[in-house]
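Please read the structure below before turning to the comments.
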Amino acid sequence: MQEILFEYKLNPTTWAYISALMMVGIYFKFQRFWSVRNLDLVGLIAFSPGLLLIYHGLLKQWPELIQSGYFCLFVVALFFLIRLLLDPLMVRRPLLDPNLSAGGLAFTCASMLIFLMANVVTCPHERLEYELAQHEAISSPEPGYAPFQVFSDIPREKMAIDDQPYSDLSRRLTIHATTAHAAVILAHLAVVAGMVWIGFRHFNNLHTGVAAATLYLLTFYTSQLTSQLEHVAPAALLVWAIAVYRRPAIAGALIGFSAGLIYYPLFLLPLWCAFYWRRGVVRFALGTAAALAAMVVLLFFCTTDFSSFSAQLGMMFGVRNPFTAPLSGFWQAHESVAVYRIPVVAAFVALSIGLAIWPAHKNLGTLLSCTAAVMLATQFWHADHGGLCMCWFLPLLILTIFRPNLEDRIAISAVAPATGWRRMG
41 MQEILFEYKL NPTTWAYISA LMMVGIYFKF QRFWSVRNLD LVGLIAFSPG
91 LLLIYHGLLK QWPELIQSGY FCLFVVALFF LIRLLLDPLM VRRPLLDPNL
141 SAGGLAFTCA SMLIFLMANV VTCPHERLEY ELAQHEAISS PEPGYAPFQV
191 FSDIPREKMA IDDQPYSDLS RRLTIHATTA HAAVILAHLA VVAGMVWIGF
241 RHFNNLHTGV AAATLYLLTF YTSQLTSQLE HVAPAALLVW AIAVYRRPAI
291 AGALIGFSAG LIYYPLFLLP LWCAFYWRRG VVRFALGTAA ALAAMVVLLF
341 FCTTDFSSFS AQLGMMFGVR NPFTAPLSGF WQAHESVAVY RIPVVAAFVA
391 LSIGLAIWPA HKNLGTLLSC TAAVMLATQF WHADHGGLCM CWFLPLLILT
441 IFRPNLEDRI AISAVAPATG WRRMG
């Protein structure tokens, strides 16, 4: 970016202040000071101090700052988890337009997207994701799709290129990194386009969709972990699963692909199956199974022998003891309370299963908020930097904040009936 805008440099602390002020100026409802919208906005801004503490703790090698940062993230995440679980009870949802016109929002959204994508290409060092890549050791594989994990490790490859700028390895890594950069940019575009489409198609308000997408781009997290493909690619799939919820087979395939990439969306299946139970559950299940089967076949051809295939297949579906996995993030920084991760995992499983039963009346609004709640809840027990994978829930959380009353969008009326041999779904 500095080749175009000379001396362009924005450190994380400055951007945290600027983004917070822009979010308040554009979205804060000054005429309705005591409103849930304003509380939600304050909560989104409250993620910034935690991320800043982690960044400066890594930069200065100050463990106490890192511990405080993860603790702040968990406190704000707990607030939003409760908020999302209570969202189905909030029936009165007045339309609160942003303080900026539709044209101004569209311009802000496009401008933010351009600058953030420039960060993907240039990979500036003054960002949290670079500090994470620089300080973390080579860890054991995480649950998920092994080829995707190798492909998505952009910051570490950028460090290798900087160390050996003219070697053959550097040239190969440059090609790999360029491809990964393109994938990250496309994933961010998909998230933004999906949020705008949901606002236009399902909220019946294009202005709301653009406002939600702009708020997503303004958050401090998006600027600090822009290049994390393992964050944004599953997010894009989940956003578009909501966008195409009227097509159970396609929605199931998108959920299946996201679960194949990072494993954790598998816990969404009870909720989504319950939503489609009266119409579309078979088509949804077939779409999910087809997507997972396709990824298994591809994994088979990407491995060299059966032992590596079976090991990677197990990791794809999370077949490992979650309590013996190497920890990073909150649970590593707070080793004295790591034993409490066991009841946290139990509570998460209970939440995932319980959402198949409650709320009994499932509509698009509850599907949106409960999907965000499940993906947010994974952060409380996620072994690898739990609390930082905010993109898994952030777009869905923002859409929940902006959504109107959607009680009439239930599967029996919104999903087209199956025809022919598919009528059983």
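Under the numbering used here, the sequence shown has 93 at position 53, and the numbering climbs by one with no breaks.
For every residue, glycine included, the Cβ atom is placed at its ideal position computed from N, Cα and C.
One or two residues paired with residue i in a DSSP bridge
i, result
"Gly426", "Gly369"
Extent of the continuous alpha helix (DSSP H) to which residue i belongs
i, result
"Val76", "76 to 100"
"Met130", "Run containing Met130: none; DSSP gives neither H nor E here."
"Gln419", "From DSSP, Gln419 is part of no alpha helix (DSSP H); its letter is neither H nor E."
"Arg381", "381 to 394"
"Trp280", "269 to 283"
"Gln264", "260 to 264"
"Phe341", "321 to 342"
"Asn159", "142 to 162"
"Gly184", "Here Gly184 belongs to no alpha helix (DSSP H), and DSSP marks it neither H nor E."
"Ile58", "52 to 67"
"Pro288", "288 to 302"
"Gln352", "346 to 356"
"Ile452", "451 to 454"
Residue i vs residue j beta-carbon contact at 8 Å
i, j, result
"Phe433", "Val384", "no"
"Val284", "Val224", "no"
"Leu311", "Ser298", "no"
"Phe119", "Gly65", "no"
"Pro187", "Met355", "no"
"Ala252", "Phe68", "no"
"Glu169", "Gln268", "yes"
"Gly239", "Leu229", "no"
"Val455", "Gly320", "yes"
"Met62", "Ile85", "no"
"Val279", "Leu125", "no"
"Ala412", "Thr440", "yes"
"Ala222", "Phe315", "no"
"Ala56", "Leu93", "no"
Status (buried if at least 16 other CB within 10 Å, exposed otherwise) for residue i
i, result
"Val115", "exposed"
"Ala329", "exposed"
"Asn51", "exposed"
"Ile178", "Reliability of the predicted coordinates at Ile178 is poor, the pLDDT of 48 falling under 50, and the value obtained from them is presented with this limitation in mind. Flag for Ile178 reads exposed."
"Glu171", "buried"
"Asn361", "exposed"
"Thr54", "exposed"
"Ala423", "buried"
"Pro457", "exposed"
"Ala217", "buried"
"His165", "exposed"
"Thr333", "Rather than Thr, the amino acid found at residue 333 in this sequence is Ala. Answer is exposed; the Cβ neighbour count stays below 16."
"Glu447", "exposed"
"Phe307", "buried"
"Phe340", "exposed"
Residue i at chain C interface by Cβ criterion, 8 Å
i, result
"Arg318", "No chain C appears in this structure, which consists of one protein chain only."
Between the segment 356 to 373 and the segment 104 to 120, do three or more beta carbon pairs fall short of 8 Å? yes
Assess, as a yes-or-no matter, whether the segment 301 to 314 is touched by the segment 259 to 267 under the definition of 3 or more beta carbon pairs within less than 8 Å. no
Touch test, the segment 400 to 418 against the segment 322 to 342, Cβ-Cβ under 8 Å, three pairs minimum: no
Cβ pair count under 8 Å reaching 3, the segment 93 to 100 against the segment 126 to 139: no
Any contact between the segment 237 to 257 and the segment 144 to 155? By contact I mean 3 or more CB pairs, one from each, below 8 Å. yes
Taking three-plus beta-carbon pairs below 8 Å as touching, is the segment 288 to 298 in contact with the segment 336 to 346? no
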